[in-house]
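The structure appears right after this line, and notes come after that.
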Amino acid sequence: MQISASKVIAAAANYAIGDVVSESATAGTAWSFGGIERRVGEGVIIQSALLTCDEDSLTATYRLHLFDANPSASMLNDNVAKAMDNDDRGKYLGFITFSAAADEGEFSRAQTLDIQLGVVPAVNTLYGILEDTSGETAETVGMTITIKLFYTRAP
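Next up, the structure:
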């Protein structure tokens, strides 16, 4: 099973290591992965993740921080240093680190296999903050990033 989220990225300037990647430099929002298929109270195991971008020259590494509710108190604005607020600490589930993005000709992609991150979301939606962990300089204003999370129901 899979869930996904896409954003048209602001990318107003080169990213520094630790910057948030989002759709707005002043009014960013969390990544929202809705539609998790599960029973109430049942957990899921994220097994792998795929990040794609329509900009073909990206070589960055990224970290996706996951939450079981919207981390609205934390920094969500593009090109600003990631800062998670203490009010969001109880919502935090863990993170996924993506390998370096590779140029595939018409797009860039990064993936992570064998994650095995077990989570029990409060609702059928996971939320995320995407962090640039390498300081990308080949970004393009308006590039679209899509993240797919592949999961199974927890036994």
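The end of the sequence shown is residue 190 by my numbering, with every number in the run present.
By construction, the Cβ of each residue, glycine as well, lies at the ideal position given by its N, Cα and C atoms.
Across the structure, residue 120 and residue 89 are spaced so that their CA atoms are roughly 31 Å apart. Here DSSP, grouped into helix, strand and coil, assigns residue 53 to coil. About 10 Å separates the CB atoms of residue 95 and residue 166; that is not less than 8 Å, and the two are not in contact.
In this structure residue 174 is buried. Its beta-carbon is surrounded by 16 or more other beta-carbon atoms within 10 angstroms.
Only buried fits residue 143, as 16 or more other CB atoms lie within 10 angstroms of its CB. DSSP, read as helix, strand or coil, puts residue 69 in strand. Relative to residue 186, the option among 140, 151, 163 and 44 whose CA is nearest is 151. Contact between the region 52 to 66 and the region 99 to 112 is established, with three or more Cβ pairs separated by less than 8 Å. The C-alpha of residue 80 is placed about 4 Å away from the C-alpha of residue 153. The beta-carbon distance between residue 56 and residue 113, rounded to whole angstroms, is 6 Å. This is short enough to meet the 8 Å contact definition. Counting the other CB atoms within 10 Å of its CB gives residue 77 a total below 16, which places it among the exposed residues.
Between the alpha carbons of residue 60 and residue 51 lies a gap of roughly 14 Å. Distances from the alpha-carbon of residue 100 to those of 93, 132 and 122 put 132 closest.
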